[in-house]
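Residue numbers (our numbering): 48 to 256.
To start, the structure under review is shown below, and the notes come after it.
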Amino acid sequence: MLFGGYQPFTLSDYPGCIAAIAFTQGCNFRCVFCHNGSLLPEGKSGTGLYSAEDIMVRLRPRSSQLDGLVITGGEPTLHEDLPEFIAQVKALGLKLKLDTNGSRPDRLAALIQGGLVDYIAMDIKAPLHAYSRVCGTAVETAAIQESIALLGASAIPHHFRTTYSSAFLSEAELEEIRALVPKGSKHIVQRFQPEHALSPQLRGETKEA
């Protein structure tokens, strides 16, 4: 697997933990509000990206100073070798937080059942009927529903989150999203960052004629 970035320190991305962040390369969504557009294309080795070993080389010397690692993206669950990488991280005594869009409930379930994740944050991008519009591509919403139910029923600490702006979601749609959150699960509404949005229109830009 390949990574598009590495951040050696964060106090805000893993609740209660001092952590580093590894950003996987490649995503199956094209969300209009995405602020990590450089991480969307599928990566190729030899193109300036980090390999799994590159990340481990950076983690090992600092593992005693960290509580955990956040794996975000991109979309981490697209990578078949994610479990192997996580196992290496856990062998350092670090906790693991996974950020996901919930599009691969099969792989999410395998990670939970394998005891490989300690915390999960899942995005709920939109009401189910608006998923494809907001995500910029056709989305299998049954998979999203399965992942939501999986987390809601699990004992893994987790939260759901939604990036909101009236530019792409109505207040009624935000209420529909809240209705999808399982009882007892936390839901965080995030501030939209228009200056980094994937959509030129949301950045306030206009296309040249």
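Beta carbons are placed, not taken as given, at the ideal position from N, Cα and C, and that holds for glycine.
Treat the numbers as computed from the prediction; the structure is a model and nothing was measured.
Asked                                                                               : Found
Proximity to M169 [Cα-Cα], best of S85, A185, H176 and N148                         : N148
Cβ neighbour criterion (16 or more within 10 Å) applied to L106                     : buried
CA-to-CA distance, V164 to L145, given in whole angstroms                           : 7 Å
Every unbroken alpha helix (DSSP H) inside the segment 186-235 [4 residues or more] : 188-200 and 218-227
Selected residue, minimal CA-CA separation from L158, among L125, V181 and S179     : L125
Limits of the unbroken alpha helix (DSSP H) element including Q135                  : L129 to A138
Beta carbon of F239 nearer than 7 Å to that of F80                                  : yes
Distance between beta carbons of S232 and L41, contact taken as under 8 Å           : Not covered by the structure: residue 41. The range shown for the chain is 48 to 256.
CB contact flag (L86, Q72, <7 Å)                                                    : yes
G183 and R77 closer than 7 Å at C-beta                                              : yes
Three-state class that DSSP yields for Y61 in the structure shown                   : coil
Best match in V104, V186 and E187 for proximity to L139 [C-alpha to C-alpha]        : V104
Alpha-carbon to alpha-carbon, T209 and Q237                                         : 6 Å
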